[in-house]
Each structure stands twice: as structure tokens, then as C-alpha cells.
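Student: The opening residue of the sequence shown carries number 469 in the working numbering; numbering runs sequentially from there. A virtual CB, placed ideally from N, CA and C, is assigned to each residue, including glycine.
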Amino acid sequence: MPPERGGAAHQAPRFDDHIDVDTAMTARDVLGVVVRCVAYIRPHWRLFLLKFALMLGTFVPLLVAPWPAKILVDHVVLEHPLTDSAVRFPPFFMPFIGAVEGMDPAGLLLATLALALVLVVLFGAGVAETRENTAFLAQGEDTATQSENMISAGWSLAGGLWGLADLLCNIRLVQRVTDSFRTHLFRRLLRLPMTTLDDQRIGDGIYRTMYDAPAVQGICFDITLTPVVSVLLAVVSVYVMEYSFGHIVPELIWLAIVTMPVALLLTAPLAGLARRTSQASRGSGSATTNRIEEGTAHVAAVQSHGAEERERADFADASRESFRRHRHVVAVDIAINLCSGIALLVLGVRAFVVVTDQIVLGELLPGDLLVVLGLFGAVAAASITLGRLWVDLQKNAAGVRRVFFFIDLPGDGGPAGGARGGPPRARRGGGGGGGG
Numbered sequence: 469m470p471p472e473r474g475g476a477a478h479q480a481p482r483f484d485d486h487i488d489v490d491t492a493m494t495a496r497d498v499l500g501v502v503v504r505c506v507a508y509i510r511p512h513w514r515l516f517l518l519k520f521a522l523m524l525g526t527f528v529p530l531l532v533a534p535w536p537a538k539i540l541v542d543h544v545v546l547e548h549p550l551t552d553s554a555v556r557f558p559p560f561f562m563p564f565i566g567a568v569e570g571m572d573p574a575g576l577l578l579a580t581l582a583l584a585l586v587l588v589v590l591f592g593a594g595v596a597e598t599r600e601n602t603a604f605l606a607q608g609e610d611t612a613t614q615s616e617n618m619i620s621a622g623w624s625l626a627g628g629l630w631g632l633a634d635l636l637c638n639i640r641l642v643q644r645v646t647d648s649f650r651t652h653l654f655r656r657l658l659r660l661p662m663t664t665l666d667d668q669r670i671g672d673g674i675y676r677t678m679y680d681a682p683a684v685q686g687i688c689f690d691i692t693l694t695p696v697v698s699v700l701l702a703v704v705s706v707y708v709m710e711y712s713f714g715h716i717v718p719e720l721i722w723l724a725i726v727t728m729p730v731a732l733l734l735t736a737p738l739a740g741l742a743r744r745t746s747q748a749s750r751g752s753g754s755a756t757t758n759r760i761e762e763g764t765a766h767v768a769a770v771q772s773h774g775a776e777e778r779e780r781a782d783f784a785d786a787s788r789e790s791f792r793r794h795r796h797v798v799a800v801d802i803a804i805n806l807c808s809g810i811a812l813l814v815l816g817v818r819a820f821v822v823v824t825d826q827i828v829l830g831e832l833l834p835g836d837l838l839v840v841l842g843l844f845g846a847v848a849a850a851s852i853t854l855g856r857l858w859v860d861l862q863k864n865a866a867g868v869r870r871v872f873f874f875i876d877l878p879g880d881g882g883p884a885g886g887a888r889g890g891p892p893r894a895r896r897g898g899g900g901g902g903g904g
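The following block contains the structure:
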């Protein structure tokens with residue numbers, strides 16, 4: 469069923485909403501949702517601290533791995549003495565340099581391979597895309613099925629033993645935050661008048677509980693761990709670049725510094741569009757769930773009146789509209805990735821040219837290019853993550869707002885949910901260091 473459209477600019481489309489009709493959000497509304505989500509972080513603060521420490525550990529392969537590669541290229545293959553390098557090794561790598569200084573190329577090769585083996589066991593091997601750990605099931609191209617993965621989302625920037633620990637901590641943390649939010653919502657639904665539930669449709673309540681609630685974990689990450697870790701990674705990477713290359717290629721440092729504001733400037737204008745498309749996608753998904761619930765609940769009546777074809781056509785229309793709305797979400801994501809990716813690619817190409825020019829002039833060695841690519845890639849990845857932060861908040865806030873709407877409705881024999889306090893207290897025990 470096509471949505472009803474209002475005349476106001478940017479007015480959100482309406483689907484099966486009979487109570488939650490004012491769905492348009494502003495930036496202030498998003499900030500209000502974010503502030504309320506802090507209450508769902510507090511019961512699990514120990515797990516958040518553990519996750520933060522594990523995420524800091526994932527800096528090791530990003531910052532350390534390029535230097536053994538440089539040693540293999542410049543000082544093993546090309547047999548340049550370690551003292552010939554104009555690039556200063558960072559302080560955290562100097563203990564290894566002190567241990568291998570004076571070795572012949574064969575001994576240096578064995579020592580470097582031993583270090584690489586330790587890094588592989590602890591943090592995994594390969595570039596970031598192949599090294600990182602993820603725990604996602606197959607999903608469809610719609611908000612509902614993708615939300616299923618968010619319930620037990622698991623990811624880590626590292627592989628190996630450290631990445632596995634980070635992954636398991638992430639899964640436990642996401643499950644606990646989502647469970648707290650769902651429990652709070654379900655307790656409120658149990659106290660709502662039946663007329664309210666019937667007016668808004670049962671399928672809509674199912675959708676908000678099953679598929680909107682998991683968005684809370686995205687907000688909890690985006691306001692705590694994601695910005696802090698991204699900024700720290702960018703700052704540390706730029707510091708290492710300045711320490712090692714600043715006296716030779718100062719332009720390289722400025723190129724790295726400018727990546728973050730460029731990413732923010734290019735993605736911020738699309739925040740409002742991302743918020744509106746996410747809200748419309750979730751609304752159309754609720755309408756589709758309503759069609760499923762109504763068809764299942766009244767299957768006998770539908771069959772007795774010979775209305776199967778009409779019921780099937782109604783569901784097909786709602787499903788088609790839901791997929792169309794989700795394609796809008798995907799299109800916005802593609803636009804964001806293109807805007808930030810192309811700009812950072814231009815900066816990366818410029819950094820590549822600057823470094824290769826210095827290699828041709830003899831100021832740098834060929835292995836230095838591997839170090840620059842690794843460090844600049846870390847800065848670019850952190851910049852893209854931080855640049856998408858406000859946009860991702862918009863999409864998650866659209867889902868969380870729909871849940872807060874039901875939590876805030878007045879129930880039988882009690883005030884609105886917003887006046888009843890925060891989420892349920894975290895359960896003690898169960899491992900994982902979850903706070904109580």
C-alpha cells in the first residue's frame with residue numbers, strides 16, 4: 469500500500485501508523501535519543517571498559533606490522549644497514565631494533581620472521597579486510613533481516629587470539645545492551661491498553677520489538693567507543709608518521725591531518741537524508757509485518773470468503789514498498805561511501821606521489837613506502853569511521869525513537885514510560901564481566 473504523503477517539506481511518509489504519526493526527526497531529536505541511550509550503557513560499564521581495552525590492543529598490528537615489512541625489503545633483500553635508514557624507527561619498535569642491530573641479513577630475516585609469527589598468532593595476518601574478525605549470518609536486503617545480525621553483532625579489527633577475545637566480548641556486550649532495551653520495551657507493552665495496541669497494529673509492535681530495538685547497541689557504540697578509538701588511532705598514527713617521516717616529508721603529515729575534517733565535511737550534509745530514509749524503511753517494514761500478522765490471524769476468515777488473492781496482493785504491495793524504501797537507504801550509503809572514499813583516495817594518491825618522489829631522490833628507501841601506506845591507511849580508516857559517525861547515528865536513532873515512543877506511552881494504572889525511570893538493572897553473574 470503506498471504511503472500517505474503530507475504537504476510539509478520533509479514530512480515523513482505514513483504507512484500503518486495511527487498513533488505514532490509524528491515521525492519526522494530533527495538533529496535536536498536525535499541528540500535527545502542519544503542522551504536517553506546513555507542509561508542503557510551504565511549497567512554494562514565493565515564490559516564497555518573491557519571492549520575499549522581490547523580495541524586499543526588492535527592498534528598493535530596497524531602500527532607495528534609495517535615495520536617488519538620495511539626491514540625485510542630494505543635491510544634483508546636490499547641489504548642496507550639498519551643505520552643507513554634516514555627514517556627514525558618509532559619508540560615502541562626500538563627494543564626490537566636494539567636486539568637485532570649488528571646481525572647479518574640471514575639472522576635479521578629469522579628474527580623478523582619470528583616477530584611476524586608472534587604478530588600473526590596474536591593479531592592475525594593480512595591487510596585489515598582479511599585480518600579482522602566478524603560474526604554475521606547471511607542477511608537479506610531489508611532492515612528487518614539485517615537487524616537480526618545486529619542482535620548478536622560481532623566484529624574486531626584484529627584476528628588471531630586477541631581478535632577472538634575482542635569478538636566474543638563484542639557479542640556479549642551487544643546482546644546485553646539489546647536485551648536490556650527489549651526488556652524495558654516489553655514491560656511497557658504489557659501495561660499498554662489493548663485499544664492502543666490494537667490501533668497501532670500488533671505487527672507494528674512485533675517489528676519495533678524485534679527489529680527496531682537492536683539499533684540501540686549501534687548508538688551505544690557510536691557515542692562511546694567508536695569516536696574515542698577512531699580519534700586515538702588517527703592521533704597515534706599521525707604521531708608515528710611525524711616522528712619517523714616529519715623531518716623528511718613534512719607534506720605527508722599535513723595530508724594525514726586533513727583527512728579527518730575532509731571526511732566530516734563530505735558526509736555531514738547527508739545526515740538528514742539518511743535519517744529520513746531509515747525512518748521510511750522501518751515504517752514500511754512495520755506495514756509489511758502487519759500484513760503478515762493480519763493474514764495469519766484471520767486466515768480462516770480469508771479462506772472462507774475466497775479473499776486469498778486479495779490478501780496475497782496486499783502483502784506483495786507492502787513487501788515491494790518495503791524493499792523500495794530499503795533501496796533508498798542503500799543508495800544513501802553508496803553516496804556517503806563515494807563522497808568520502810573519492811576524496812580520501814585523492815589524498816592517498818598525493819601521499820603516494822610525495823613518498824615515491826623522495827624514494828627516487830634517494831631520501832627514502834623502498835620499504836618506507838610500505839610503512840607510509842600502512843600508517844596512512846590507518847588514518848584514512850579512522851577518518852571514514854568518524855566521518856560516518858553522525859550519519860550512522862541518524863539511522864539508528866530512527867529505530868530507537870520508534871521504541872521510545874511506545875515506552876513513553878501512558879499505561880494502565882501508571883504514568884508514561886519516560887517517568888518510570890531507566891532500563892532494568894543488569895543481571896549479575898553469567899560471566900563476561902558485565903556490570904550490575
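Quick one: residues in its chain with C-beta nearer than 8 Å to the C-beta of H796, no 5 flanking neighbours on either side, listed in chain order?
Tutor: T745, A748, S749
Student: Between the Cα of L636 and those of S698, G622, E710, V699, spot the shortest distance and give me the residue it belongs to.
Tutor: When each option's Cα is compared against that of L636, the closest is G622.
Student: Closest to N758 by CA distance: which of A736, D785, L741, S705 is it?
Tutor: Ranking the options by Cα distance to N758, first place goes to D785.
Student: For the segment 632–695, list the alpha helix (DSSP H) runs that are entirely contained and at least 4 residues long, ordered along the chain.
Tutor: 662–668, 670–675, 683–690
Student: With a floor of 3 residues, list each beta strand (DSSP E) that falls wholly inside the segment 832–876, ordered by position along the chain.
Tutor: Taking 3 residues as the shortest admissible run, the segment 832–876 contains no complete beta strand (DSSP E) segment at all.
Student: Classify G622 as helix, strand or coil using the three-state DSSP reduction.
Tutor: strand
Student: Is it true that the CB of P511 sits closer than 9 Å to the CB of S648?
Tutor: Taking C-beta atoms as the reference points, S648 and P511 count as a pair closer than 9 Å.
Student: Let me make sure I understand the geometry here. Which of V828, D860, G816 has the alpha-carbon closest to that of I443?
Tutor: No statement about residue 443 is possible, as the shown extent of the chain runs from 469 to 904 and does not include it.
Student: Does the segment 518–530 come within contact of the segment 679–697, defined as at least 3 CB pairs closer than 8 Å?
Tutor: Under the Cβ criterion (8 Å, minimum of three pairs), the segment 518–530 counts as touching the segment 679–697.
Student: Going straight from the alpha carbon of F561 to that of F820, what length do you get?
Tutor: Approximately 24 Å, taken between the alpha carbons.
Student: Given this structure, state the Cα-to-Cα distance separating S624 from L700, to the nearest angstrom.
Tutor: 16 Å
Student: From G642 to A574, what does the alpha carbon distance come to, in whole angstroms?
Tutor: The displayed chain sequence assigns Val, not Gly, to residue 642. Whole-angstrom Cα-Cα distance: 47 Å.
Student: Tell me the residue span of the alpha helix (DSSP H) that contains I716.
Tutor: Neither: I716 is in no alpha helix (DSSP H) and is coded neither H nor E.
Student: What residue from I670, P682, W630 has the CA that sits closest to V645's CA?
Tutor: P682
Student: In terms of residues, what are the limits of the alpha helix (DSSP H) holding D497?
Tutor: 495–505
Student: Does D825 come out as helix, strand or coil in the three-state DSSP assignment?
Tutor: In the three-state reduction of the DSSP assignment, D825 falls in the helix class.
Student: Let's see if you can read the secondary structure: which residues bound the alpha helix (DSSP H) around T905?
Tutor: The chain is shown only over 469 to 904; residue 905 falls outside these bounds and no answer can be derived.
Student: Using the C-alpha atoms, what's the distance from M493 back to P737?
Tutor: 15 Å
Student: Assign D785 to one of three DSSP states: helix, strand, or coil.
Tutor: Note: D785 maps to helix in three-state DSSP.
Student: Any idea what DSSP makes of T526, helix, strand or coil?
Tutor: coil
Student: Please identify the residue among R788, A724, A731 whose C-alpha is closest to the C-alpha of V823.
Tutor: A724
Student: In three-state terms, what does DSSP make of G475?
Tutor: Residue confidence is low: G475 scores 40 on pLDDT, short of 50, so the model does not pin down where it sits. No coordinate-derived value is stated.
Student: Could you give the residue range of the alpha helix (DSSP H) that holds V568?
Tutor: 562–568
Student: Compute the Euclidean distance between the alpha carbons of T580 and I539, then round it to the nearest angstrom.
Tutor: 8 Å
Student: Apart from the five residues on each side of it in sequence, which residues of its chain come closer than 6 Å, Cβ to Cβ, to E710?
Tutor: I721, listed in sequence order.
Student: Taking C-beta to C-beta, are L640 and T735 nearer than 9 Å?
Tutor: The sequence given here has Arg at residue 640, not Leu. It is not a contact, given that the beta carbons lie outside the stated cut-off.
Student: Measure the CB-CB distance between G686 and T526 and report whether it falls below 9 Å.
Tutor: It is not a contact, given that the beta carbons lie outside the stated cut-off.
Student: Residues in its own chain within less than 7 Å of L576 by CB, not counting five upstream and five downstream?
Tutor: Cβ neighbours of L576 beyond the five flanking positions: I539, H543, V544, V568.
Student: In whole angstroms, what separates the C-alpha of N617 from that of V871?
Tutor: When rounded, the distance between both Cα atoms is 18 Å.
Student: Let's see if you can read the secondary structure: which residues bound the alpha helix (DSSP H) around A537?
Tutor: A537 -> alpha helix (DSSP H) spans 534–538.
Student: If contact is defined by three or more beta carbon pairs under 8 Å, each pair taking one atom from either stretch, is the segment 829–842 in contact with the segment 544–553?
Tutor: yes
Student: Considering Cα atoms alone, identify which of K863, S790, M728, Y679 is closest to L741.
Tutor: K863
Student: Should M728 be labelled buried (16 or more other beta-carbon atoms within 10 Å of its own) or exposed?
Tutor: buried
Student: Just verifying my parser: in three-state terms, what is the DSSP assignment at F791?
Tutor: helix
Student: Using a Cβ-Cβ cutoff of less than 7 Å, which residues in the same chain neighbour F844 once the five nearest sequence positions on both sides are dropped?
Tutor: A724, G816, A819
Student: Using only the alpha-carbon positions, how far apart do A866 and F654 sit?
Tutor: 19 Å
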